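Engineer:
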Amino acid sequence: MISYISASYIYTLTGDPLKDGVIGVDSDGFIEEVMTAGEAKAKNIAVLTHYKGLMVPGFINTHCHLELSHLKGKISKHTGLQGFVQQVMQQRQADGGMISAAMHAGDQEMLENGIVAVGDISNQLVSKGVKSDSKLYYHTFVEAMGFNPDRAADIIRAAVKLKDDFAPLRASVVPHAPYSVSETLFKELLAEAEQAGGLLSIHNQETPDENLFFQKKEGSFLKLYEFLGLNIDFFEAAGKSSLLTYLSRLSPSLNTLLVHNTFSDEEDLDFAADNHPHLYWCLCPNANLYIENTLPDVAMFIRKGLKMTLGTDSLGSNDQLSIAAEMFTLQEHKTVPFELLLQWATINGAEFLGIEDRFGSLAPGKRPGINILEFSGDGPSLRITGSVEKIY
Ligand SMILES: [Zn+2]
């Protein structure tokens, strides 16, 4: 049974927005037909419901840590990354029932906020049950982490085992961050990634001290290693930014997500674009405001025409898991045309995850989820309020 619904504007992501457009959808949310207002009128289509709002595809959250959901409201804001990491390490242990309940609530919150697919970082197997039962699509990124090169073989073995334990859910082994992965571990990760043919994701340039560490072996990371009890005498600064130092250690043939990019500069972006054809740049604005109280140079990313996606990060560094809220924050603090912002929130993330045949646009044959966004203004001044109603 097909229902015909319409909205003030339909953003299909495959063409221009359709003013008062009409969409035919079955009871399971599969899209049968997309029509302009004129086409629907000519066909005498009876519209069941007209929504006053913007009809858009389900959102793709390319960066989350579902297993940290129980840290909601527990981590102090604006401590910088080093303070954040220490707080998470001190507080991530909790009662198993509490962790599980928080993950279920996080998953449900994403569903209600119109998210349909998630790239989710995992260090443990605890989220497998929630993900298996979820209505959302998950790709799990099993994070490998270890700055001591002697431990690389053990770390990769444990990570591959964890990835296998997530089966049949889709999972890939990925590096945590440039400052937490030794060169030896990067080599092991490269071999695993090229053999498995999966996806890659890495936290990138989230704090100014990450660059400082690679440029001069100075800054707050020295304190972090001390806190971790790690001797880093072996490490020599390469004299260039974090991204310039490690990018060549990643496979250029795999879809790769660089997460945060808060302190990436023009040289980083140009070098990355020249040396890696499958990069996606994920922004997590609310988490950046939470931890570092700053945002990336969004205008520079737009100018460079890079493939951008959005992520919520975890409830340890965000008050909610909502891509609409991330869009709203970027719109409030930066200048991003709505249609571009919507690409970041939908089709780009679907492409990165390799699920664009099902998600990311409102096109016949897809079951992408359908959301209605409240808005004001029109043309270049069109703005969303951040509220989202999931209708499919
Ligand atoms: Zn993260």
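The sequence shown stops at residue 1155 when you use my numbering, and every number in between is there.
Just so you know, even glycine gets a beta-carbon here, dropped at the ideal spot from N, CA and C.
None of the values given here were measured: they were computed from a predicted structure.
1. Is Ile786 near ligand 1, with its Cβ less than 7 angstroms from a heavy atom?
2. How big is the Cα-Cα spacing for Val1151 and Glu946?
3. If you measure from the CB of Ile884, is any heavy atom of ligand 1 nearer than 7 angstroms?
4. Answer yes if the region 834-853 comes into contact with the region 1093-1101, meaning at least three C-beta pairs across the two stretches below 8 angstroms, and no otherwise.
5. Ligand 1 heavy atoms versus the CB of Val1022: any closer than 7 angstroms?
6. Contact between the region 1032-1052 and the region 978-987: three or more CB pairs below 8 angstroms?
7. Ligand 1 heavy atoms versus the CB of Asp1076: any closer than 7 angstroms?
8. For His833, is the beta carbon positioned less than 7 angstroms from some heavy atom of ligand 1?
9. Could you say which of Met1090, Phe1115, Leu1125 and Thr1109 lies nearest to Phe1138 if we only look at CA atoms?
10. Would you kindly check if the distance between the Cβ of Cys1045 and the Cβ of Thr1072 is under 8 angstroms?
11. Report back the beta-carbon spacing between Ala1087 and Leu1136 to the nearest angstrom; my notes put them in contact at under 8 angstroms.
12. Say the cut is 7 angstroms; is the CB of His828 nearer than that to a heavy atom of ligand 1?
13. How many Å lie between Val905 and Lys891 at the Cα?
14. When the Cα atoms are used, what is the spatial distance from Val923 to Val936?
15. Specify, as a first and last residue, the run of the alpha helix (DSSP H) that Ser895 falls within.
16. Would you kindly report the start and end of the unbroken alpha helix (DSSP H) that includes Ile838?
17. Using DSSP bridges, identify the partner residues of Met1071.
18. Considering Gly1149, what are the terminal residues of the beta strand (DSSP E) in which it resides?
19. Identify which residue in Leu834, Phe1115 and Gly1140 has its Cα closest to the Cα of Pro1040.
20. Does DSSP classify Asp913 as helix, strand or coil?
Structural biologist: This is what the structure gives:
1. no
2. 43 angstroms
3. yes
4. Touching, no, given that fewer than three Cβ pairs across the two stretches are closer than 8 angstroms.
5. Val1022 Cβ: within cutoff of ligand 1.
6. no
7. yes
8. no
9. Nearest option by C-alpha distance: Met1090.
10. yes
11. 7 angstroms
12. yes
13. 12 angstroms
14. If you take the alpha carbons of Val923 and Val936, they lie about 7 angstroms apart.
15. For Ser895, the enclosing alpha helix (DSSP H) covers residues Lys891 to Asp896.
16. Neither: Ile838 is in no alpha helix (DSSP H) and is coded neither H nor E.
17. Trp1044
18. Arg1146 to Lys1153
19. Phe1115
20. Reduced to three states, the DSSP call for Asp913 is helix.
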